[in-house]
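Colleague: If you're matching positions, the sequence shown starts at 38 in the numbering used here and goes up one per residue. No residue lacks a Cβ here, since even glycine has one placed at the ideal position from N, Cα and C. Here it is: the structure, laid out below.
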Amino acid sequence: MEEIFLSVRNVQKTYRSNGVRALDGVSLDTYAGEVNVLLGENAAGKTTLMKIIAGIERADDGEMFMKGRNYSPANPVDAIRAGVGLVSQKLRVIPQLTVGENLLLGMDLSGFERKKGRKTIEEAVHRFGLGIELPVRVEDLSIAQRQKVEILRVLIRSPELIVFDEPTAVLPDNDREELMNIIARLKEGGKTVVFITHKLQEAYRIADRISIMAKGKITGTFLKGEVTERSLRTLVAGEDLAASGFSGRKTTATGEVLRVESLDVEGRYRNLIAVKNVSFVSRAGEILVITGISGNGQEELIESLFGMRRVLSGRVYLEDTDITGWTPADLRKIGVVALIGDRDTTASCPGLSIIDNVVLNRVRDRFFLKEKPLKTWTRELLSTYGVEYSSLDDQAGTLSGGNLQKAILAREISGNPRLILLSEPTRGLDVKHAGMVHRTLLSLKQNLSIVLFTGDLDEAISIADRILIMYDGEVVIDLPNAGKIGRSMLNRYLQGAAGVEST
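This is the structure we're talking about:
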């Protein structure tokens with residue numbers, strides 16, 4: 038007989054700061070020993086519901102029951118003691134501490150118990166196999182590696198209910214596969230899992246039960262056998278959207294825009310070279326995708342192209358201009374824009390208003406501009422990209438993760454750039470808005486060059502004109518995408534198999 042582990046009844050939540058009604062009478066049953074997937078568009082209320090379950094926020098009304106008993110956590114500690122663990126989409130790790138120190142935080146251990154805690158952590162790292170070194174400082178890790186630390190922080194406490202809020206948004210394919218295996222083992226061990234994702238293939242693969250959320254309400258719950266991937270796409274997006282694909286489109290690449298010659302780039306640790314002798318060109322009219330298993334130099338490469346990481350040797354040219362070592366501010370002046378790094382820290386200022394975040398890179402001092410036209414321009418821009426918000430004067434931190442991602446993307450590509458550098462541009466976006474971003478990039482590429490870094494092989498295949506794969510800091514293959522590239526081919530090169538460059 039199926040046992041309900043957590044029951045949510047008529048939960049409501051309105052944010053008084055901006056009047057947004059995030060939850061409008063949500064009722065949801067989570068079954069013990071199952072993987073319960075929650076799908077929905079950006080700002081549907083998924084994260085708010087999970088925060089209430091995890092004791093981070095309080096509901097205005099409604100009830101929750103755990104194993105038949107009233108459950109009303111006043112804070113995260115109450116939730117943890119009740120056996121609830123939340124893997125948040127917003128990283129809560131402390132960059133200045135080591136991985137081991139971050140994992141010890143909150144375990145309330147001292148003396149002999151602290152040694153026991155370290156042993157528990159080492160065993161968990163070995164058991165879950167996420168490939169994280171405990172002595173390394175978190176600030177020296179990539180975003181994907183930091184996400185794995187966040188996952189371990191929750192798993193080492195062995196909670197009965199584990200909530201994963203978009204855990205794979207920043208993980209490349211190989212790390213996603215690791216996490217899928219971990220979730221399968223958690224289920225085998227009798228754990229209950231709630232999994233939020235925008236990746237329908239991923240949802241369908243691991244789910245026992247799938248719930249759809251829209252505008253603060255649960256609109257339907259289905260056993261996996263009752264739906265297909267295609268029907269899920271329709272249920273989530275509200276329309277029958279065909280999956281984005283190559284669809285026989287032709288590359289119209291023309292003149293060379295970006296040229297990289299024999300580039301060596303400094304690593305995240307001293308005396309290490311993250312990028313080794315990398316050379317490639319990117320042309321107007323094409324989307325060049327660079328991918329690889331996390332930790333093989335992709336992040337350091339894009340950071341070096343935008344002046345955020347030191348180039349040790351080699352040159353970078355924008356058309357005929359040598360831009361090696363230029364600062365981001367200088368690069369913006371000549372038409373190079375970028376979406377790089379964590380959207381909550383390096384890519385935005387959550388404490389500033391939405392309008393300030395959108396116009397900061399466009400004007401030096403917006404207070405000398407007329408407020409009304411500036412707000413009109415910003416509203417039109419955000420509307421074009423489907424950004425949902427209450428007021429332009431609200432803090433950017435009040436936006437949902439997906440809406441913040443869309444606002445940042447709108448800001449970066451709203452001018453007349455010559456070169457766009459993008460790192461995981463659809464991270465955290467639902468299927469509808471990810472498709473919108475892809476269509477926007479495909480329309481923009483005719484007059485400029487786009488270099489896109491992603492760990493999502495499906496995204497790479499669907500949007501790239503050419504795909505570069507990196508392994509151990511080097512480019513092992515440059516593949517033209519004529520619609521015949523498949524995941525199996527890419528996976529071979531992801532493991533380091535050398536290929537012949539074809540630029």
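(1) If you drop the 5 nearest sequence neighbours on each side, which residues of the same chain put their C-beta closer than 6 Å to that of residue 507?
(2) Keeping to the same chain, check which residues put their C-beta closer than 8 Å to that of residue 202; ignore five residues upstream and five downstream.
(3) Just to confirm, are residue 61 and residue 253 a CB contact at a threshold of 8 Å?
(4) Contact between the region 170 to 178 and the region 92 to 101 is defined here as three or more beta-carbon pairs at a separation below 8 Å; is this criterion met?
(5) For my contact list, residue 456 and residue 355 are in at a C-beta cut-off of 8 Å; report their separation, rounded to the angstrom.
(6) Given that a residue counts as buried once 16 or more other Cβ atoms are within 10 Å of its Cβ, and exposed if not, what is residue 324?
(7) Which of helix, strand or coil does DSSP assign to residue 138?
(8) Are residue 40 and residue 59 touching if we call contact CB-CB under 8 Å?
(9) Let me know the secondary structure DSSP gives residue 449 once reduced to three states.
(10) For the region 483 to 514, list the beta strand (DSSP E) runs that are entirely contained and at least 3 residues long, ordered along the chain.
(11) Is the CB-CB distance between residue 56 and residue 437 below 8 Å?
(12) With a CB to CB cut of under 6 Å and the five nearest residues on each side skipped, what residues in its chain are close to residue 384?
(13) What does DSSP give as the partner residues of residue 541 in its beta bridges?
(14) Near residue 337, which residues of its chain fall below 6 Å by C-beta distance, leaving aside the five closest residues on each side in sequence?
(15) DSSP on residue 285, reduced to helix/strand/coil?
(16) Kindly indicate which three-state DSSP category residue 219 falls into: helix, strand or coil?
(17) Just the C-alpha distance for residue 221 and residue 194, rounded to the nearest angstrom, thanks.
(18) Could you check the C-alpha separation between residue 361 and residue 326 for me, to the nearest Å?
(19) Identify, in the order they occur along the chain, each residue of the same chain with its Cβ nearer than 6 Å to the Cβ of residue 244, setting aside the five sequence neighbours on each side.
(20) Would you tell me roughly how many angstroms separate the C-alpha atoms of residue 488 and residue 414, rounded to the nearest one?
(21) Under the three-state reduction of DSSP, which class applies to residue 473: helix, strand or coil?
(22) Please list, in chain order, all residues of the same chain as residue 256 whose beta carbon is under 6 Å from its beta carbon, the five residues on each side excluded.
(23) Distance check for residue 196 and residue 161, CA to CA, integer angstroms please.
(24) May I ask which residues mark the beginning and end of the alpha helix (DSSP H) holding residue 293?
(25) Would you kindly check if the distance between the Cβ of residue 189 and the Cβ of residue 167 is under 8 Å?
(26) Is the Cβ-Cβ distance between residue 141 and residue 154 less than 8 Å?
(27) Thinking C-beta only, is residue 353 closer than 8 Å to residue 512?
(28) Assuming residue 439 and residue 466 form a contact by the criterion Cβ under 8 Å, report the distance between their Cβ atoms to the nearest whole angstrom.
(29) Are the Cβ atoms of residue 374 and residue 462 separated by less than 8 Å?
(30) Count the other CB atoms, across all protein chains shown, that sit within 10 Å of the CB of residue 389; report buried if there are 16 or more and exposed otherwise.
(31) In whole angstroms, give me the CA-to-CA distance for residue 99 and residue 90.
(32) Out of 494, 394, 450 and 47, point me to the one whose CA is closest to residue 101's CA.
(33) Look up residue 480 in the DSSP assignment and say whether it is helix, strand or coil.
(34) Residue 529 to residue 432, Cα distance in whole Å?
(35) Can you give me the C-alpha to C-alpha distance between residue 259 and residue 273, rounded to a whole angstrom?
(36) Return the chain-ordered ranges of every beta strand (DSSP E) run that is complete within the region 307 to 380 and spans a minimum of 3 residues.
Modeller: By the coordinates alone:
(1) Position 470 of the sequence shown, counted from the first residue, corresponds to residue 507. Cβ neighbours of residue 507 beyond the five flanking positions: 329, 333, 334 and 335.
(2) Locating residue 202 in the sequence shown gives position 165, where the first residue counts as 1. Excluding sequence neighbours, residue 202 sits near 83, 84, 87, 123, 124, 125, 126 and 233.
(3) Here residue 61 corresponds to residue number 24 of the sequence shown, with the count starting at 1. Here residue 253 corresponds to residue number 216 of the sequence shown, with the count starting at 1. Closer than 8 Å, so yes.
(4) no
(5) The residue given as residue 456 occupies position 419 in the sequence shown. The residue given as residue 355 occupies position 318 in the sequence shown. With a Cβ gap of about 6 Å, residue 456 and residue 355 count as contacting.
(6) As a working note, residue 324 is residue 287 in the sequence shown. By the 10 Å Cβ count, residue 324 comes out buried.
(7) The residue labelled residue 138 in the question sits at position 101 within the sequence shown. Correct three-state label for residue 138: helix.
(8) By one-based count along the sequence shown, residue 40 stands at place 3. By one-based count along the sequence shown, residue 59 stands at place 22. Not in contact: residue 40 and residue 59 (Cβ atoms no closer than 8 Å).
(9) For the purposes of this step, residue 449 is taken as the residue at position 412 of the sequence shown. Residue 449: helix per DSSP, three-state reduction.
(10) 486 to 490 and 503 to 508
(11) Counting from one through the sequence shown, the residue named residue 56 turns up at place 19. Counting from one through the sequence shown, the residue named residue 437 turns up at place 400. Against a cut-off of 8 Å, the Cβ pair of residue 437 and residue 56 comes out as no contact.
(12) Taking the sequence shown and counting its residues from 1, one reaches residue 384 at position 347. Only 378 and 445 meet the Cβ criterion.
(13) Missing from the structure shown is residue 541; the chain here goes from 38 to 540 and no further.
(14) By one-based count along the sequence shown, residue 337 stands at place 300. If we look at residue 337 and ignore the five residues flanking it on each side, its Cβ neighbours are 302, 311, 312 and 346.
(15) Taking the first residue of the sequence shown as position 1, residue 285 is located at position 248. Low confidence applies to residue 285: its pLDDT is 45, below 50, so where it sits in the model is not reliable, and the reading given next is rough at best. Note: residue 285 maps to coil in three-state DSSP.
(16) Counted from its first residue, the sequence shown places residue 219 at position 182. Looking at residue 219 - three-state DSSP - the assignment turns out to be helix.
(17) Against the sequence shown, residue 221 aligns to sequence position 184. Against the sequence shown, residue 194 aligns to sequence position 157. Their backbone Cα atoms lie some 18 Å apart in a straight line.
(18) By one-based count along the sequence shown, residue 361 stands at place 324. By one-based count along the sequence shown, residue 326 stands at place 289. Rounded to whole angstroms, residue 361 to residue 326 spans 21 Å at the Cα level.
(19) Position 207 of the sequence shown, counted from the start, is the residue given in the question as residue 244. The answer, listed in chain order, is 72, 74 and 261.
(20) Reading the sequence shown from its first residue, position 451 is the one you call residue 488. Reading the sequence shown from its first residue, position 377 is the one you call residue 414. For residue 488 and residue 414, the distance between alpha carbons rounds to 27 Å.
(21) Mapped onto the sequence shown, residue 473 falls at position 436. Correct three-state label for residue 473: helix.
(22) Stepping through the sequence shown from its first residue, residue 256 is reached at position 219. Hits under 6 Å: 249.
(23) Sequence index remark: in the sequence shown, residue 161 carries index 124 (1-based). Sequence index remark: in the sequence shown, residue 196 carries index 159 (1-based). Each residue's Cα considered, the two are about 13 Å apart.
(24) For the purposes of this step, residue 293 is identified with residue 256 of the sequence shown, where counting begins at 1. No alpha helix (DSSP H) holds residue 293; the beta strand (DSSP E) holding it covers 293 to 303.
(25) The count along the sequence shown starts at 1 and reaches residue 167 at position 130. The count along the sequence shown starts at 1 and reaches residue 189 at position 152. Yes. Within cutoff.
(26) Taking the sequence shown and counting its residues from 1, one reaches residue 141 at position 104. Taking the sequence shown and counting its residues from 1, one reaches residue 154 at position 117. It is a contact, given that the beta carbons lie within the stated cut-off.
(27) Counting from one through the sequence shown, the residue named residue 512 turns up at place 475. Counting from one through the sequence shown, the residue named residue 353 turns up at place 316. Not a contact, by the Cβ cut-off of 8 Å.
(28) Within the sequence shown, numbered from 1, the residue matching residue 439 stands at position 402. Within the sequence shown, numbered from 1, the residue matching residue 466 stands at position 429. Residue 439 to residue 466, Cβ: 5 Å. Contact.
(29) Sequence index remark: in the sequence shown, residue 374 carries index 337 (1-based). Sequence index remark: in the sequence shown, residue 462 carries index 425 (1-based). Their beta carbons are not under 8 Å apart, which means residue 374 does not touch residue 462 by this criterion.
(30) Your numbering for residue 389 matches position 352 in the sequence shown. With fewer than 16 Cβ atoms within 10 Å of its Cβ, residue 389 is classed as exposed.
(31) One-based indexing of the sequence shown puts residue 99 at position 62. One-based indexing of the sequence shown puts residue 90 at position 53. Between residue 99 and residue 90, the C-alpha separation is close to 12 Å.
(32) In the sequence shown, counting from the first residue as 1, residue 101 sits at position 64. Nearest of 494, 394, 450 and 47 to residue 101, Cα basis: 47.
(33) Your numbering for residue 480 matches position 443 in the sequence shown. Note: residue 480 maps to helix in three-state DSSP.
(34) Reading the sequence shown from its first residue, position 492 is the one you call residue 529. Reading the sequence shown from its first residue, position 395 is the one you call residue 432. Cα to Cα, the separation comes out at about 45 Å.
(35) Locating residue 259 in the sequence shown gives position 222, counting from the first residue. Locating residue 273 in the sequence shown gives position 236, counting from the first residue. Spanning the two alpha carbons is a distance of roughly 13 Å.
(36) 310 to 320, 324 to 328, 348 to 355 and 373 to 376
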